[in-house]
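In my numbering, the protein residues as written are 84 to 283. For every residue, glycine included, the Cβ atom is placed at its ideal position computed from N, Cα and C. Scroll down for the structure; my scribbles are underneath it.
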């Protein structure tokens, strides 16, 4: 589907360029955009390496335990059916911690590990459990306190104040997470009520 969307956008651009008599700008744009993409990618390497290193230092120094301790009550509320000392809870907490710091690339491995552990606890392997749906909703909406990756992209693109989005990011991601959790609970309740109604 994504490939179809991108192809449609590129095809529409070519048609518009041809109709307006500016087809030569397509080649110029392709080369200039490719050059900019390489420059941004190289800039991101240094910034993301720094933040990934910081995450590793936080993890090794034990500071991550403080973050995990703060998030644990919230995680216990979201996932009441997961045993408190189960290893999947640690993966969920690490995923949440990485997302709070805006490190999607660091959060992904923990997310995959968490989903694998949730599948082990799933009573019906063919159907996603409530905890799996909740984790997907929370991980996708992802409350972010420091949008590290976006700041890095803005800095690489030459923004004069790349950190000015922090406030709006916190508000936006807080709203998205609140809506995701609320809908998760409501849809879960409707689903259970619907199943009870069908059984009757």
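Exercise for the section: Since I believe residue 158 is in contact with residue 176 (beta carbons under 8 Å), could you give me their beta-carbon distance rounded to a whole number of angstroms? Expected result: Yes, residue 176 and residue 158 are in contact; Cβ-Cβ is about 6 Å, under 8 Å.
Practice task
Please confirm whether residue 189 and residue 181 have their CB atoms less than 7 Å apart.
Solution key: Yes. Within cutoff.
Problem - Three-way DSSP call (helix, strand, coil) for residue 162 in this model - result: Note: residue 162 maps to coil in three-state DSSP.
Problem - Whether residue 266 touches residue 231 by CB criterion (7 Å) - result: Taking a C-beta distance under 7 Å as the contact criterion, residue 266 and residue 231 do not qualify as a contact pair.
Problem - Buried or exposed by the 16-neighbour rule on C-beta atoms within 10 Å, applied to residue 162 - result: By the Cβ-count criterion, residue 162 is buried, with 16 or more other Cβ atoms from all chains shown falling within 10 Å of its own Cβ.
Problem - Boundaries (first-last residue) of the alpha helix (DSSP H) holding residue 176 - result: Here the alpha helix (DSSP H) through residue 176 covers 170-183.
Problem - Rounded C-alpha distance that separates residue 256 from residue 226 - result: Pairing residue 256 with residue 226, the inter-Cα distance amounts to about 5 Å.
Exercise for the section: Kindly indicate the opening and closing residues of the alpha helix (DSSP H) around residue 85. Expected result: Note, residue 85: alpha helix (DSSP H), 85-102.
Handout entry: Reduced DSSP secondary structure (H/G/I, E/B, other) of residue 226
Key = DSSP places residue 226 in coil when its eight states are reduced to three.
Handout entry: Selection from 218, 203, 167 and 165 that minimises the alpha carbon distance to residue 191
Key = Measuring from the Cα of residue 191, the nearest candidate turns out to be 218.
Practice task
Give the DSSP-derived three-state secondary structure of residue 243 in the structure shown.
Solution key: In the structure shown, residue 243 sits in coil (DSSP, three-state: anything other than H, G, I, E or B).
Exercise for the section: Identify, in the order they occur along the chain, each residue of the same chain with its Cβ nearer than 6 Å to the Cβ of residue 259, setting aside the five sequence neighbours on each side. Expected result: If we look at residue 259 and ignore the five residues flanking it on each side, its Cβ neighbours are 224.
Practice task
Give the straight-line distance between the Cα atoms of residue 244 and residue 251, rounded to the nearest whole angstrom.
Solution key: Approximately 14 Å, taken between the alpha carbons.
Handout entry: Exposed unless 16 or more other CB atoms sit within 10 angstroms - verdict on residue 222
Key = Under this definition residue 222 is a buried residue.
Practice task
Throw me the rounded Cβ distance for the residue 154 and residue 186 pair, which I believe falls under 8 Å.
Solution key: The pair is not a contact, with the Cβ atoms about 15 Å apart (cut-off 8 Å).
Exercise for the section: Mind reading off the beta-carbon distance from residue 170 to residue 200? Whole number of angstroms is fine, and I expect it under 8 Å. Expected result: Indeed they touch by this definition, with Cβ atoms about 6 Å apart.
Problem - Local Cβ density within 10 Å of residue 84, reported as buried at 16 or more and exposed below that - result: Residue burial is scored here from C-beta neighbours: residue 84 has fewer than 16 other C-beta atoms within 10 angstroms and is therefore classed as exposed.
Practice task
Enumerate in chain order the residues of its own chain whose CB-to-CB distance from residue 123 is below 8 Å, with the five nearest sequence positions on each side excluded.
Solution key: The residues are 236, 239 and 240.
Practice task
For residue 120, collect the residues of the same chain with a Cβ closer than 7 Å to its Cβ; drop the 5 residues on either side in sequence, then sort them by chain order.
Solution key: Correct list: empty, nothing qualifies.
Problem - Whole-angstrom distance between residue 106 and residue 100, CA atom to CA atom - result: Going from the Cα of residue 100 to the Cα of residue 106 covers about 5 Å.
Exercise for the section: Could you say which of 215, 128 and 96 lies nearest to residue 113 if we only look at CA atoms? Expected result: For residue 113, the closest alpha carbon among the candidates 215, 128 and 96 is that of 96.
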